[in-house]
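Trainee: Chains as they are written, first to last, in my numbering: chain A, 1 to 203; chain B, 1 to 203; chain C, 1 to 203; chain D, 1 to 203.
There are 4 protein chains.
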Amino acid sequence: MAKKKKSSSGRAPGRPRSDESRAAILKAAYQLLREGGFAQFTVEGVAARAGAGKATIYRWWASKGTLAVEAFLVAVAPQMDAVKETASPIADLRRQVHLAATIYRGRAGQLVRELIALGQADSETNKLLVSDFMQPRRLAAMVTLRRAQSAGAVRKELDLEVLADALWGPIFQRVLVTHMPIDKGFIDRLLDLVLAGATRGVR
Amino acid sequence: MAKKKKSSSGRAPGRPRSDESRAAILKAAYQLLREGGFAQFTVEGVAARAGAGKATIYRWWASKGTLAVEAFLVAVAPQMDAVKETASPIADLRRQVHLAATIYRGRAGQLVRELIALGQADSETNKLLVSDFMQPRRLAAMVTLRRAQSAGAVRKELDLEVLADALWGPIFQRVLVTHMPIDKGFIDRLLDLVLAGATRGVR
Amino acid sequence: MAKKKKSSSGRAPGRPRSDESRAAILKAAYQLLREGGFAQFTVEGVAARAGAGKATIYRWWASKGTLAVEAFLVAVAPQMDAVKETASPIADLRRQVHLAATIYRGRAGQLVRELIALGQADSETNKLLVSDFMQPRRLAAMVTLRRAQSAGAVRKELDLEVLADALWGPIFQRVLVTHMPIDKGFIDRLLDLVLAGATRGVR
Amino acid sequence: MAKKKKSSSGRAPGRPRSDESRAAILKAAYQLLREGGFAQFTVEGVAARAGAGKATIYRWWASKGTLAVEAFLVAVAPQMDAVKETASPIADLRRQVHLAATIYRGRAGQLVRELIALGQADSETNKLLVSDFMQPRRLAAMVTLRRAQSAGAVRKELDLEVLADALWGPIFQRVLVTHMPIDKGFIDRLLDLVLAGATRGVR
DNA sequence: ACTTAACCGAGACGGTACGTCTGGTCTTACA
DNA sequence: TGTAAGACCAGACGTACCGTCTCGGTTAAGT
């Protein structure tokens with residue numbers, strides 16, 4: 001989050017930021033999120049559990065939401081990038097979408113859901129969530145999509161942004177709105193439908 | 001929301017619920033939602049503006065969220081159903097999706113967005129929003145989709161739920177998550193892509 | 001409480017007041033007072049327990065306080081007048097003061113205490129308590145005092161109101177203010193002191 | 001009331017209590033008491049007028065009552081001790097009782113009355129009022145009474161507590177119960193009566 | 001028998017204050 | 001300067017009662 005610019009002639013004056021404190025805060029924040037979702041997540045609770053002062057939290061994070069997002073990112077994001085590239089970009093893509101579905105089905109998905117909700121009221125939070133969590137995954141997907149396009153598996157003139165939205169959007173709809181299940185069969189049928197449209201022209 | 005306790009032998013004892021009060025509360029609630037979104041929306045504010053007691057609100061609505069949803073429904077929903085049926089179900093469908101996009105681009109969309117966010121923390125609220133706002137629109141779309149299928153414009157074996165998700169899901173993703181624009185061009189390209197996959201025949 | 005003027009030519013039209021209801025209300029009110037003191041005593045609670053409507057209560061009693069006082073009077077007062085007259089007015093007087101002390105030491109005293117407190121904020125309540133509870137006892141005492149004066153046991157020129165105050169006032173002080181015990185010894189010493197002053201002139 | 005947590009090795013950590021805030025709260029509280037008595041006295045009103053948060057009030061005062069008593073003490077008590085000692089303890093005593101009567105006749109007396117009433121429901125409040133307001137005055141009176149006893153103006157074997165009760169008790173009775181006037185003549189007659197009983201010798 | 005009028009239980013109503021809670025800021029002493 | 005502690009303001013929360021009101025229905029007396 002907040003950066004500390006190192007001046008060329010050495011380091012800034014005064015006591016340096018305590019990384020120990022930062023880590024304790026993020027850890028405590030993530031624990032609270034896991035234990036009771038966003039309802040249980042209070043800045044006071046985080047400070048108390050981390051043995052930190054509230055002021056320290058507000059010095060480094062702009063709001064409750066940005067702290068929540070960063071705590072989520074630090075704890076969850078690393079475990080989530082795991083789709084390796086194969087010779088078939090379409091197969092890769094299918095695996096990526098299935099992976100996303102798996103995530104949103106689980107505990108982490110519950111958190112993402114609440115973070116997205118939080119982002120509706122606090123644009124700072126939304127911006128951070130999108131740039132640091134959504135965007136990286138989207139970019140990875142875009143790479144795969146471009147590989148597929150180059151390989152001729154996706155029509156050349158197709159807008160890949162639209163294609164990506166068509167593949168991931170329904171997941172969000174089910175997670176956030178209808179709360180319908182996002183099972184394997186649903187994802188497969190969705191992939192069949194959209195990829196069919198992506199490979200051939202309009203009739 | 002409102003109880004309906006009409007026993008066969010007459011009505012419930014005691015002073016009946018005041019519909020005047022109910023209307024004033026819903027109106028005040030909707031005004032506050034329009035003026036400042038959910039941030040400004042407080043039960044105290046609604047009570048004060050409606051000239052109602054807080055207890056009256058809590059007597060009839062389970063939570064802030066359900067009040068917000070109902071206020072939204074009463075004020076907005078009636079103005080929103082306007083797609084008439086033509087000979088071409090595909091054309092009808094395109095118009096329905098475009099209409100949805102228009103809604104979510106505007107003021108009402110902002111409200112829906114916040115109500116969905118609210119629903120993440122309060123399942124009661126989500127349930128009400130889905131059943132009374134989302135579901136009716138979805139059902140209208142399903143009718144059109146079935147017409148399209150009967151007319152042969154959509155493959156017979158296609159799961160229409162999946163098709164609906166593929167058409168509307170991306171809108172929610174943009175509204176709730178990425179906050180990307182939902183312009184006419186995007187909707188057209190999305191429709192082209194998904195309907196291409198939905199039509200009969202391969203390649 | 002409320003009086004019903006009987007017109008000379010018969011009674012008022014309409015349904016007459018239900019004595020059953022009145023009794024149930026007073027009984028419920030007294031029970032609540034006994035069980036939890038004035039803190040537990042709510043008009044809603046009384047109505048619920050009596051199976052009566054709140055409107056019925058407010059039709060016949062001016063306020064919560066007057067209901068409490070009347071409930072107290074109906075239930076407690078009858079048990080409290082028990083000092084018979086003997087040949088010695090001084091002995092009668094001593095017994096009267098001791099009896100008052102006994103009352104204020106006990107459960108009923110706790111109630112009187114709270115009713116007096118209530119009367120500070122609601123003059124209606126205070127007026128009723130004084131006129132219907134305090135005054136009768138005071139008058140009985142005045143009779144005894146006058147007997148004592150006639151018998152020469154109290155100086156002729158003494159203001160008996162002052163004497164009465166000097167005998168009962170300290171009890172109220174201990175009950176309401178200092179919460180010191182009002183034991184038999186204290187009352188005896190008080191009687192000795194004040195009666196000594198009442199029998200002889202200033203030095 | 002205010003905590004005093006001075007450890008031997010320095011002071012407590014954290015931001016210290018704001019005396020400015022404390023003073024503003026007590027001042028606002030007293031103003032409200034003066035303006036409308038206890039009926040007007042609400043914690044919300046005090047907080048609003050003092051520019052303080054309600055939580056700050058509840059952090060430092062256990063109840064509405066203790067706040068009211070302390071506000072009263074801070075504002076009123078200092079102005080109330082004014083009886084100087086002369087060569088005649090009996091004359092001093094008469095002046096003390098007259099002074100008390102004067103107080104209870106006036107504005108402050110109205111407040112004390114309501115504070116005593118409040119104390120019936122909240123022992124904490126009563127305790128504070130007695131210890132910080134009643135007791136000091138009582139102790140001053142006891143000193144005078146002992147002087148009178150030493151000087152032979154009061155019988156040696158007399159229980160001075162009883163004597164004090166006999167002198168002040170009737171005032172409380174009139175203030176709290178009968179609401180009869182406490183005029184100069186009444187006090188004089190009371191003093192004559194009780195002091196007659198208190199003096200040495202019989203008849 | 002019919003009307004009139006006051007009663008009754010039930011319970012919703014506007015209003016007010018309660019005491020709690022949290023967000024975000026500020027103020028200490030110490031490191 | 002950073003930090004832990006914790007006080008501070010602000011203001012919404014949901015609850016509890018107050019005293020009033022509005023129903024449908026009941027119970028007399030007078031017609």
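Using N, Cα and C, we set each Cβ at its ideal position, and we do this for glycine too.
1) Report the residues of the region 96 to 122 of chain A with a CB closer than 7 Å to any CB of chain B, ordered along the chain.
2) Would you report the Cα separation of Arg94(D) and Ala148(D), rounded to the nearest angstrom?
3) Please list, in chain order, the chain B residues whose beta carbon lies closer than 7 Å to that of Arg189(A).
4) What is the DSSP secondary structure of Asp188(A), counted as helix, strand or coil?
5) At the level of alpha carbons, what is the spacing between Ser63(C) and Gln79(B)?
6) Does the beta carbon of Gln173(D) sit closer than 7 Å to a beta carbon anywhere in chain C?
7) Please determine if the region 120 to 135 of chain B and the region 130 to 141 of chain A are in contact, where contact requires at least 3 C-beta pairs separated by less than 8 Å.
8) Alpha carbons only, please: which of Ala50(D), Arg174(D), Leu145(D), Glu161(D) is nearest the one belonging to Ser21(D)?
9) Between Arg164(C) and Val46(C), what straight-line distance do the alpha-carbon atoms span, to the nearest angstrom?
10) Taking its Cβ as the centre, do 16 or more other Cβ atoms sit within 10 Å of Asp19(C), making it buried, or is it exposed?
11) With DSSP run on the structure shown, which of helix, strand or coil describes Glu114(B)?
12) Anything in chain C within Cβ reach of Thr125(D), meaning under 9 Å, just list it in chain order.
13) By Cβ distance, which residues of its chain are closer than 6 Å to Trp61(B), with the 5 residues on each side in sequence left out?
14) Can you name the residues of chain D whose CB is closer than 9 Å to the CB of Pro89(C)?
15) Just to confirm my understanding: we take Ala101(D), look at its own chain, exclude 5 residues before and 5 after, and list those with CB closer than 7 Å. What are they?
16) Checking 7 Å against the spacing of the C-beta atoms, do Ala39(A) and Ile90(A) come in under that value?
17) In whole angstroms, give me the CA-to-CA distance for Tyr104(D) and Thr42(A).
18) 7 Å is my cut-off, CB to CB: does Val202(C) come that close to chain D?
19) How about Gly169(C): is its C-beta nearer than 7 Å to some C-beta of chain D?
20) Apart from the five residues just before and just after Ala108(B), which ones in its own chain have a Cβ nearer than 6 Å to its Cβ?
21) Within 7 Å of any Cβ in chain D, is that where the Cβ of Ala166(C) sits?
22) My parser needs the alpha helix (DSSP H) runs of 4 or more residues fully inside the region 10 to 41 of chain C; what are they?
23) Using CA atoms only, rank isn't needed, just tell me which of Val83(B), Val97(B), Gln31(B), Gly53(B) is closest to Leu73(B).
24) State the start and end residues of the unbroken alpha helix (DSSP H) segment that holds Gln173(D).
25) Rounded to whole angstroms, how far is the Cβ of Leu176(B) from the Cβ of Leu176(A), which I believe are closer than 8 Å?
26) Please work out which residues of its chain come closer than 6 Å, Cβ to Cβ, to Leu129(C), disregarding the five sequence neighbours upstream and downstream, and give them in chain order.
27) What is the DSSP secondary structure of Glu44(D), reduced to helix, strand or coil?
28) Whose C-alpha, out of Asp122(A), Leu191(A), Ala196(A), is nearest the C-alpha of Leu99(A)?
29) Are the CB atoms of Lys122(B) and Gly185(B) nearer to each other than 7 Å?
30) Would you mind telling me which residues of chain D sit closer than 9 Å to Ala151(C), beta carbon to beta carbon, in chain order?
31) Quick one: is Ser18(A) near chain B, going by C-beta distance under 7 Å?
32) Counting only beta-carbon separations shorter than 7 Å, does Thr42(A) have a partner in chain B?
33) Need the endpoints of the alpha helix (DSSP H) that Glu124(D) sits in, please.
34) I'd like to know whether the C-beta of Gly197(B) is nearer than 7 Å to at least one C-beta of chain A.
35) Please check if any C-beta of chain B sits within less than 7 Å of the C-beta of Val130(A).
Mentor: Well, looking at it:
1) Arg113, Glu114, Ile116, Ala117, Gln120, Ala121
2) 12 Å
3) Asp159, Val162
4) helix
5) 51 Å
6) yes
7) no
8) Ala50(D)
9) Before going further, note that residue 164(C) is Ala rather than Arg in the sequence given. About 37 Å.
10) exposed
11) helix
12) Chain C residues near Thr125(D): none, gap ~11 Å exceeds 9 Å.
13) Leu67
14) Neighbours of Pro89(C) on chain D: none; closest Cβ ~17 Å, over 9 Å.
15) Ile171, Ile182, Ile187
16) no
17) 51 Å
18) Unreliable positioning characterises Val202(C) in this predicted model, as indicated by a pLDDT of 44, which lies under 50. The coordinate reading is nonetheless provided below. True, the Cβ-Cβ gap to chain D drops below 7 Å.
19) yes
20) Val76
21) yes
22) 19 to 40
23) Gln31(B)
24) Neither: Gln173(D) is in no alpha helix (DSSP H) and is coded neither H nor E.
25) 6 Å
26) Val69, Leu115, Gly119
27) helix
28) Leu191(A)
29) Note that residue 122(B) is Asp in the sequence shown, not Lys. Cβ distance not < 7 Å, so Asp122(B) and Gly185(B) don't count as in contact.
30) Correct list: empty, because the minimum Cβ distance to chain D is about 16 Å.
31) no
32) no
33) 123 to 129
34) yes
35) yes
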